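**Student:** Encoded as structure tokens, here's the structure I'll be asking about.
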Amino acid sequence: MPIIRLAKKILKKTPNVEIKNLQKTVHNINAMEAKLEMLSNDQLYNKTSEFRELLSKGMTIDDILESAFAVVREVSKRKMNMRHFDVQIIGGIVLHSGTIAEMKTGEGKTLVATLSAYLNALTGNGVHVVTVNDYLTKRDSDWMSTIYNALGMSVGCVLSNMAPDVRKHAYNADITYGTNNEFGFDYLRDNMCLEKNMLVQRPFNYAIIDEVDSILIDEARTPLIISDMVDNDISAYPKINKIIKKLDSSNYTIDEKDRSVFLTDSGIAKIEKNLYEANIIKANTELYSVDNFDTVHLINQSLKAHSLFECNKDYIVKNGKIIIIDEFTGRMMDGRRYSDGLHQAIEAKEGVQVLKESQTLASITFQNYFRMYPKISGMTATAVTEEDELKNIYNLSVVSIPTNVPVKRFDHNDVVYKTEIEKYDAILELIKECHAKKQPVLVGTVSIEKSEYLSKILKKTKLTHQVLNAKYHEKEANIIAQAGCPSAITIATNMAGRGTDIKLGGNVDMAFAEYIKKDFQNLESQDEIYNKEKEKFYEKFQKQKNKVLEAGGLFVIGTERHESRRIDNQLRGRSGRQGDIGASKFFISLEDDLMRIFGSDKIGGLLTKIGLKHGEAIQHPWINKTMQKAQKKIEMRNYEIRKNIMKFDDIINEQRRVVFKQRIQLMNASDDDILESFEAIREQVNEAMINKLAGSAKYPEDWDTNSFDAHFNMLYGFRIDINPWIMEDNSSNAKILKQINEITMAHFAKKIQIYGKKNAATIQKRIWLVVIGKSWAENLANLDSLRSGIHLRAMGNKDPFIEYSKEAFEAFNACLAKIDESCIMGFSRVDVEDGIKDIANQNTTPPVLLVSRKKHNPVESNPLKPSTWGVVSRNAACPCKSGKKYKNCHGSPKKS
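Heads up: the sequence shown begins at 15 in this note's numbering, then just goes up one per residue.
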């Protein structure tokens, strides 16, 4: 049985018990080491060609897994002085099997990824290694490219603000590193392109996702959106903001569990009075009347901004802009904006410039983006707690990989205090105690606000410390790298995906690199000095490490529990790296958000019963279990929210697939295919017009030919009189349609003859792609609007999801019909000279229309001058103002 099939069978069955069965594969890989050590670097380089030749002869990558892994390990040992541990080899097998490898912090996940990435890249279809930020993308691609390049593999790196041609080159590499945001946005941008050569991505093959839980779960609540500003009135936001500021706590109620806020009766009365005085709504009208729908929406968003969103917790104000903070990583999310007017409400609240609202041009959730890959796998230190969600949504199992060296960290029970002040007093005492014995301390907080509060406390006691949060993210690597130095005190807002290990004694390599950069200029001529300095430097850091080990290793302090157990585990996992000693302890108060909103009342009741004095705390394993139960409830609730978001987005995703597939087919279509497809569209549009014309009318004489005439003229730019055809004895829908098709086909044929087939096909393709982009954006806006109020259908005993599905289907059919009509109208009315000139404009992107339309300046109709009437429908009122139908007046054969 091939290795990978065996691995899947074993891991699917009992992943954490039967993982030892993979030791046979590890043993086989280890057995190859002696022979590979005898090969030259060139011979190892040529192994890639040998493997690819084997694949071309019918072997699979599963068949060559052992050999490929052994070669990667040998190259890593030579070039990086890093030999993959046996547990890292197991991690590589787990990744290749399309599974999540849970590996503790410091176990070398970055190196593990090279095994599976190299093996899968041998097919030539590309591998994406997904990271959580640009820093890790650049660091990991530069770092691991030493291995890949030594094996003849090309490595690409996709960073924000890269030019399209550079991105395309990166995606064409064997292995491409990039963030989840950049990969997702490039996918959306590709599906807005107008030319095939503007596409940057290749078809998806395989993705290895670092910090997989953070990307597939935490960030999955917010879709990726490409938008464009719309010209709407934003002047109401500051006005509404002034009114909301006049409210007090009795005017609204907050549901912190659901993150929602509601006006009380007194609040409604106060707001109505202020709205009347500000002339925002008419006097004597109720706030919730139909006429005030938009105003109510603005009030709700402003109320949320004031009561649910906090500066330095949910967002920061930087350079006059509101920047959202990722609650799970503590990082700034540049370019992201809250939707539906909430961002504008926060801008008004903070007194910065209120920017215009935006229209969504393209969007996708991370769930639907990553499910497009034929195979994905991931790495993280914390995933087991979310295994059900990962399995249900992504079909990803989680396998806990044992550590290379047993964990020696001691995890204390949580301690619970009555008040937040008592809690921080206890934290300060522990920090002082650690600092006195030279023990480094990492203090984790849940927000910028809390980290700065703790920083003020430490400043008062004159304890030197470093603060790591979104405000100081540019210093991140250096702060974390030296957080293991003796007596170091580091305050960090969340530790997910930091990517830099905290090494006891400090990170000697980073410190020495900074030292060299500062004090040495010409290293080539000072090799001897350089080596002596390096030796002294390393000796100094070894002494520092010994001091830290004597003091007990890194002590991690949690200032409160996070809603997610994974975030707490990520913080705790920073200590005890690769067998180091260490300790962790979480401090809790009944005033913490988690305890106040979700915690069990039993703990508060217990503390009251036992009569704790000020400054005293209680700690017991039972408290830990109670906290975990509370966290699990929140995790399940958040899972339901994400599942519901994905449920609705799946409907849009089906539409997205149709539209994006059509775009790709268009870009790849030949000129003949385009011309033929446009002919088919023309006939479909004509048929739809005839069906609409006939409608429910029983006799042709009752058809609304006026509407048909106007619609036909709008599409084709000229008029035809179908009344004579209707009055014929053998008239039928099919016959009329045939006549219309012949006329419109001749119209198109004449334009194609003028342009030339190639130019005509290019113009048609361009029109088609632009129309798809604009119509899809309008469809997304309609679906957003539909979604925002669909929950109200439940009040009428209707299932909101079923209602949304039905109406979204109807909206999409209307969107497709509009695309067809817009394509016909665009080609019919495009100006010959301007149309060909626009073909050369390759850099313009939607939503700007790339073709010019003829400007029609009709002569004003004069009732006394039939020459000014143009083509008049037989059933239309006669332009002479006689009151008769045209066919019975000037349209009569007697009058002609």
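Cβ atoms here follow ideal geometry from the backbone N, Cα and C, with glycine treated the same way. This structure is a prediction, so every number in the text was calculated from the model and none was measured.
Work out the CA separation of M650 and L608 for me, nearest whole Å.
**Tutor:** Here residue 608 refers to the residue found at position 594 of the sequence shown. Here residue 650 refers to the residue found at position 636 of the sequence shown. About 15 Å.
**Student:** Go through its chain and collect everything with a Cβ distance to F722's Cβ below 6 Å, but skip five positions before and after it.
**Tutor:** The residue you call residue 722 lines up with position 708 of the sequence shown. Hits under 6 Å: L707.
**Student:** Buried or exposed: where does W782 fall if 16 or more other Cβ atoms within 10 Å of its Cβ makes it buried?
**Tutor:** What you label residue 782 is simply residue 768 of the sequence shown in a count that begins at 1. That one is buried.
**Student:** How big is the Cα-Cα spacing for A127 and R670?
**Tutor:** As a working note, residue 127 is residue 113 in the sequence shown. As a working note, residue 670 is residue 656 in the sequence shown. Going by the C-alpha atoms only, they are around 32 Å apart.
**Student:** Going by the beta-carbon positions, is the gap between N406 and K657 smaller than 9 Å?
**Tutor:** Here residue 406 refers to the residue found at position 392 when the sequence shown is read from its first residue. Here residue 657 refers to the residue found at position 643 when the sequence shown is read from its first residue. It is a contact, given that the beta carbons lie within the stated cut-off.
**Student:** Taking all protein chains shown into account, decide if G803 is buried (16 or more other Cβ within 10 angstroms of its Cβ) or exposed.
**Tutor:** Your numbering for residue 803 matches position 789 in the sequence shown. Exposed is the call here.
**Student:** Suppose only complete runs of 4+ residues qualify. What are the alpha helix (DSSP H) ranges in the segment 57-82, listed by chain order?
**Tutor:** 61-70
**Student:** Is there contact between the segment 138-148 and the segment 182-189, where contact requires at least three CB pairs shorter than 8 Å?
**Tutor:** By the criterion of at least three beta-carbon pairs nearer than 8 Å, the segment 138-148 is in contact with the segment 182-189.
**Student:** Quick one: what's got a C-beta closer than 6 Å to K327's C-beta in the same chain, skipping five residues either side?
**Tutor:** Numbered from 1 along the sequence shown, position 313 holds the residue referred to as residue 327. Only S461 and E463 meet the Cβ criterion.
**Student:** Measuring CA to CA, which of K749, Y162, L442 and K643 is closest to F601?
**Tutor:** In the sequence shown, residue 601 corresponds to position 587, counting from 1. Comparing Cα-Cα distances from F601 to each of K749, Y162, L442 and K643, the minimum goes to L442.
**Student:** Within the continuous alpha helix (DSSP H) that includes H98, where are the two ends?
**Tutor:** Position 84 of the sequence shown, counting from 1, holds the residue named residue 98. No alpha helix (DSSP H) holds H98; DSSP gives it neither H nor E.
**Student:** Leaving out five residues before and five after V673 in sequence, what residues of the same chain have Cβ atoms less than 7 Å from its Cβ?
**Tutor:** Here residue 673 refers to the residue found at position 659 of the sequence shown. Excluding sequence neighbours, V673 sits near I786 and W790.
**Student:** Can you give me the start and stop residues for the beta strand (DSSP E) that G596 sits inside?
**Tutor:** Taking the sequence shown and counting its residues from 1, the one referred to as residue 596 is at position 582. Taken as a continuous stretch (DSSP letters only), the beta strand (DSSP E) holding G596 covers I595 to S603.
**Student:** With a threshold of 6 Å on Cβ separation, who are the neighbours of E434 within its own chain once the five nearest residues in sequence on each side are excluded?
**Tutor:** As a position in the sequence shown, residue 434 is number 420, starting the count at 1. Taken in chain order, the residues that qualify are S603 and E605.
**Student:** Any idea if Y529 is buried or exposed, counting beta-carbon neighbours within 10 angstroms, 16 or more meaning buried?
**Tutor:** In the sequence shown, the residue the question calls residue 529 occupies position 515. When all chains shown are included, Y529 counts as exposed.
**Student:** Can you tell which of V310, D77 and S321 has its C-alpha closest to the C-alpha of V275?
**Tutor:** Numbered from its first residue, the sequence shown carries residue 275 at position 261. Out of V310, D77 and S321, S321 has the C-alpha closest to the C-alpha of V275.
**Student:** Using the Cα positions of I505 and L68, report the straight-line distance between them to the nearest angstrom.
**Tutor:** As a first step, residue 505 must be located in the sequence shown, where it is residue number 491. As a first step, residue 68 must be located in the sequence shown, where it is residue number 54. Those two C-alpha atoms are separated by around 53 Å.
**Student:** Can you give me the C-alpha to C-alpha distance between D813 and D279, rounded to a whole angstrom?
**Tutor:** Here residue 813 refers to the residue found at position 799 of the sequence shown. Here residue 279 refers to the residue found at position 265 of the sequence shown. Computed Cα separation, rounded: 30 Å.
**Student:** What is the residue span of the beta strand (DSSP E) that T394 lies within?
**Tutor:** Locating residue 394 in the sequence shown gives position 380, counting from the first residue. Its beta strand (DSSP E) spans residues K389 to T394.
**Student:** Is it buried or exposed, V865, if we count other Cβ atoms within 10 angstroms and call 16 or more buried?
**Tutor:** Numbered from 1 along the sequence shown, position 851 holds the residue referred to as residue 865. Summary for V865: the model assigns pLDDT 29, below 50, so the residue's position carries little reliability, and this model does not support an answer.
**Student:** Got a sec, what are the start and stop residues for the beta strand (DSSP E) E116 sits in?
**Tutor:** Taking the first residue of the sequence shown as position 1, residue 116 is located at position 102. Judged by DSSP secondary structure, E116 falls within the beta strand (DSSP E) whose first and last residues are I114 to E116.
**Student:** Please state whether the Cβ-Cβ distance between L518 and V562 is less than 9 Å.
**Tutor:** What you label residue 518 is simply residue 504 of the sequence shown in a count that begins at 1. What you label residue 562 is simply residue 548 of the sequence shown in a count that begins at 1. Yes.
**Student:** So the candidates are E401, A502, V457 and K422; which of them puts its Cα closest to the Cα of K451?
**Tutor:** Stepping through the sequence shown from its first residue, residue 451 is reached at position 437. K451 has its Cα closest to that of A502, out of E401, A502, V457 and K422.
**Student:** Using beta-carbon positions only, say whether S316 and A283 come within less than 9 Å of one another.
**Tutor:** To locate residue 316, count along the sequence shown from 1; it is residue 302. To locate residue 283, count along the sequence shown from 1; it is residue 269. No, these two residues do not count as a Cβ contact at 9 Å.
**Student:** Could you compute how far the alpha carbon of I648 sits from the alpha carbon of F662?
**Tutor:** Start at 1 with the first residue of the sequence shown, and residue 648 comes out as number 634. Start at 1 with the first residue of the sequence shown, and residue 662 comes out as number 648. Taken atom to atom, the span from the alpha-carbon of I648 to that of F662 is near 21 Å.
**Student:** Which runs of the beta strand (DSSP E) fall wholly inside the segment 206-277 and span at least 3 residues, in chain order?
**Tutor:** Whole beta strand (DSSP E) segments, 3+ residues: 220-224, 238-243, 266-269 and 274-277.
**Student:** Can you tell which of Y220, T193, Y185 and A221 has its C-alpha closest to the C-alpha of D204?
**Tutor:** In the sequence shown, residue 204 corresponds to position 190, counting from 1. That would be Y185, whose Cα lies nearest to the Cα of D204.
**Student:** D606 by DSSP, collapsed to three states: which one?
**Tutor:** Counting from one through the sequence shown, the residue named residue 606 turns up at place 592. Three-state DSSP puts D606 in coil, outside helix and strand.
**Student:** Assuming I505 is part of the beta strand (DSSP E), what are its boundary residues?
**Tutor:** As a working note, residue 505 is residue 491 in the sequence shown. Note, I505: beta strand (DSSP E), I503 to T507.
**Student:** Report yes or no: do the segment 154-161 and the segment 115-130 share at least 3 C-beta pairs separated by less than 8 Å?
**Tutor:** With a cut-off of 8 Å on Cβ pairs, the segment 154-161 is in contact with the segment 115-130, counting three or more such pairs.
**Student:** Apart from the five residues just before and just after I595, which ones in its own chain have a Cβ nearer than 6 Å to its Cβ?
**Tutor:** Walking along the sequence shown from the start, residue 595 turns up at place 581. Once the five neighbours on either side are set aside, the close Cβ partners of I595 are K422 and G567.
**Student:** So A234 packs on Q381, CB below 8 Å; how close in whole Å?
**Tutor:** Position 220 of the sequence shown, counting from 1, holds the residue named residue 234. Position 367 of the sequence shown, counting from 1, holds the residue named residue 381. Contact flag correct, Cβ pair sits at about 5 Å.
**Student:** Does DSSP classify V457 as helix, strand or coil?
**Tutor:** Numbered from its first residue, the sequence shown carries residue 457 at position 443. Of the three classes helix, strand and coil, the one that applies to V457 here is strand, per DSSP.
**Student:** Once you ignore the five residues that flank I850 on each side, which residues in its own chain have a CB closer than 6 Å to its CB?
**Tutor:** Within the sequence shown, numbered from 1, the residue matching residue 850 stands at position 836. Since pLDDT at I850 reaches only 43, below the 50 mark, its modelled position is unreliable, and the value read off the structure follows with that caveat. So the qualifying residues of the chain are N773.
**Student:** What would DSSP say about Y162, mapped onto helix, strand or coil?
**Tutor:** Numbered from 1 along the sequence shown, position 148 holds the residue referred to as residue 162. In the structure shown, Y162 sits in a helix (DSSP, three-state: H, G or I).
**Student:** So, are the CB atoms of A925 and A825 less than 9 Å apart?
**Tutor:** In the structure as shown, the chain begins at 15 and stops at 910. Residue 925 is therefore absent and cannot be evaluated.
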